[in-house]
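Per the working numbering, residue 2 is the first one in the first sequence, and the count goes up by one each step.
Quick notes on the structure that follows.
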Amino acid sequence: MRTHASVLHLDLDAFFAAVEQRDKPSLRGRPVVVGGVGGRGVVATASYEARKYGVRSAMSTREARALCPHAAYLTGRFHAYRAASEIVMGILREHSPLVEPLSLDEAFVDLARADLPDLELDTVTGFAERLREQVHDATGGLTASVGLASSKFVAKVASDLDKPDGLVVVPPGTELDLLRPMQVSVIPGVGPATLDRLRRTGVRTVADLERLSEDELVRVLGQAHGRGLHRLARAQDDRAVEPERETKSVSVEGTYETDVTDRDVMAAIVVRQASQVARRLASNGLSGRTVTLKVRLYDFTTLTRSSTLDGPTDDPGVIGRTARRLLTELDPAGGVRLLGVGVSGLADWVQDELFGPDEDAEEAPELPPDPVGAKSPTGYRPGMDVEHDEMGRGWVWGAGRGVVTVRFETAETPPGPVRSYSVDDPALRHWEPEPGLDKLDRPEPTDHPEPEEHPGD
DNA sequence: TCTGGGGTCCTAGGACCC
DNA sequence: TCTGGGGTCCTAGGACCC
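Set out below in structure tokens:
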């Protein structure tokens, strides 16, 4: 246990939605939902305006639309999120070498290694306030909530207490006063299943949990989880902030709008996913020995089959053939809603390198065609940026049945006009701004997108 | 027309080895 | 002749997180 509140947890508020509102002035002050917009999509982030209507992360988009039909439903623009995240992580690293990102929008910082005169409450509090301002200014207005405490656990709990745009400092020694009255579900690692088991043993609050012995918890939850919760219930957490965490697995998966029943289509999907995994392995200088195929049946039961090779590989052919063989071991009669391919057992070398460095390293091989997307009529998704001659920059508001609705942004008149186009209108060539590129410095338009079906909004 | 995608960690059983 | 133990690897599934 640390003696000072030297662990900082920073969490960007409604991150994906906030980036969209920053980049598209007409969305400011309005409900925005970022996530899957298709029939099987779920909400990744809802803006605070959308949360007022009950829209939450992980909720199905269908349910969100029922609660808040007038929200803007957008697919993610991950270039933009990654760019904003890199700015924030860069700021954190300016202050301490010990920064542990948990995701694009969250990180721990160990202030014991920061450029501070001491770790007294006033000092760290002032630092956190300046940090929040710095993040706000450098990202074009994104807000962050921050928690400061003597451990990762309490810092994370604290950052959640005054969202959005808040700062909560937990003075050392007061941790249990804060935690005891709270629901056990505030503890990271207590999800629906654990909550259910704890409820059945009469535990609702952290104070209730604190009364259970370690043996009892281990009996109910198993060794690791039981011991872990026994400690966290007492605010005992001396886990270090770990700046370098190595990748353990790389995977690609997809859920299809309608269940896939054709084995040949399944095989084609899996081979394409294997190539995508191989590409990501290679671009990170990784290779792995265990190939895992994941299948989710029409009724949501999930199956995995894995196979461990003699040596690590990043070869799309090897991974693809292995995954396809694993597919033959399964009986996906009735159809599958999801297919996925992953590689684990990673090494940071490839077997070929035993024979010396590859002189003429090849280009990443072409991806096999997408057997699903190729069948449907439009590739436009809400949120996608599009070209247009006279209207300026625009983004897709709704798409489907051959018609794409575009909302335009102009500096003078946000919210801008809305126009509809037919899908083959050349003005619609879509583009995605590169990280760090101003949206007005347009890259060459990409090819006309692969078609895909979309219900219009 | 309920239920994403990319991860991490844990458990439990069987094989295999000493 | 009754079936020890421990350690490691592999596989499948499940819980959880953002």
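Note that beta-carbon positions come from the ideal geometry of N, C-alpha and C, so glycine has one too.
The model shown is predicted, which means the values in this text are computed figures rather than measured ones.
With a CB to CB cut of under 6 Å and the five nearest residues on each side skipped, what residues in its chain are close to residue i?
i    : result
S160 : H10, D12, S146, V147, G148
E258 : G39, G40
E243 : E101
P459 : With the chain running from 2 to 458 in the structure shown, residue 459 is simply not present.
A279 : D315, P317, I320
I88  : A139, T140
E360 : Summary for E360: the model assigns pLDDT 48, below 50, so the residue's position carries little reliability, and this model does not support an answer.
V466 : Absent from the model: residue 466. The displayed extent of the chain is 2 to 458, so no value can be given.
V266 : P372
Y381 : V397, A400, V405
R420 : V407
Thinking residue i and residue j are a contact (beta carbons under 8 Å), I'd like their distance in whole angstroms, please.
i    : j    : result
L298 : V337 : 6 Å
E388 : L429 : 7 Å
V271 : L328 : 6 Å
A234 : E211 : 4 Å
K249 : S308 : The pair is not a contact, with the Cβ atoms about 18 Å apart (cut-off 8 Å).
L331 : L304 : 6 Å
A236 : L180 : 6 Å
K153 : V8   : 6 Å
S151 : A6   : 6 Å
V219 : R228 : 6 Å
A208 : P182 : 7 Å
T144 : D14  : 5 Å
D178 : M2   : Not a contact, Cβ separation roughly 15 Å.
My output table needs one value for residue i: the three-state DSSP class, helix, strand or coil.
i    : result
L75  : strand
V171 : coil
L103 : strand
V387 : strand
A348 : strand
E360 : Here E360 scores only 48 on pLDDT, less than 50, and its place in the model should not be relied on; the value that follows carries that caveat. The answer is coil: DSSP assigns E360 none of H, G, I, E or B.
F301 : coil
P456 : A caution first: P456 carries a pLDDT of 34, below 50, which makes its placement in the model unreliable, though a value can still be read off. Of the three classes helix, strand and coil, the one that applies to P456 here is coil, per DSSP.
Y54  : coil
Y82  : helix
P98  : coil
R201 : helix
S214 : coil
R63  : helix
A324 : helix
D14  : coil
P427 : helix
T4   : coil
Y381 : coil
S186 : helix
V292 : strand
G42  : coil
R23  : helix
P370 : coil
L331 : coil
E413 : Note that E413 scores 44 on pLDDT, short of 50, meaning its location in the model is unreliable; the coordinates nonetheless yield the value given after this. E413: coil per DSSP, three-state reduction.
Going by C-alpha distance, which of the options is nearest residue i?
i    : options                : result
G321 : E130, L304, P369       : P369
G312 : L287, M60, L327        : L287
V20  : P70, T140, R205, L122  : T140
A324 : D349, T302, S276       : S276
R83  : A67, A269, Q22, F16    : F16
F79  : A45, N285, A108, L99   : A45
Q22  : M2, Y49, R3            : Y49
L28  : M267, V405, G395, D265 : G395
D123 : G399, P173, V219, R220 : P173
R131 : V155, D178, D166       : D166
M90  : P26, G127, R133        : R133
D466 : A81, R31, A67          : This structure cannot settle anything about residue 466, because the visible part of the chain is limited to 2 through 458.
M392 : V292, Y422, H226, A400 : Y422
D349 : V407, A365, N285, L222 : N285
G223 : R3, E245, L199, V261   : L199
Give every residue of the same chain whose Cβ lies closer than 7 Å to the Cβ of residue i, excluding the five residues on either side of it in the sequence, and list them in chain order.
i   : result
S86 : L105, D106
S97 : V110, D111, L112, R114, A115
V43 : G36, G37, A59, M60, S61, T62
R57 : V44, A47
Enumerate in chain order the residues of its own chain whose CB-to-CB distance from residue i is below 8 Å, with the five nearest sequence positions on each side excluded.
i    : result
Q135 : I92
V33  : A18, E21, Q22, A47, S48, E50, A51, A72, A73, L75
L162 : G148, V169
K295 : S252, E254, T303, L304, T305, L339, L340, G341, V342, G343
D300 : G335
G77  : F17, V35, G36, A45, G384
T202 : L213, E217, V221
A117 : The sequence shown places Leu at residue 117, rather than the Ala named in the question. So the qualifying residues of the chain are T124, V125, F128.
#### Entry: Within the stretch 107–164, ranges of the alpha helix (DSSP H) (whole runs, at least 4 residues)
122–139, 153–160
### Message
Quick check on the DSSP output: what are the complete beta strand (DSSP E) runs of length 3 or more inside the stretch 227–290, in order along the chain?
### Response
250–261
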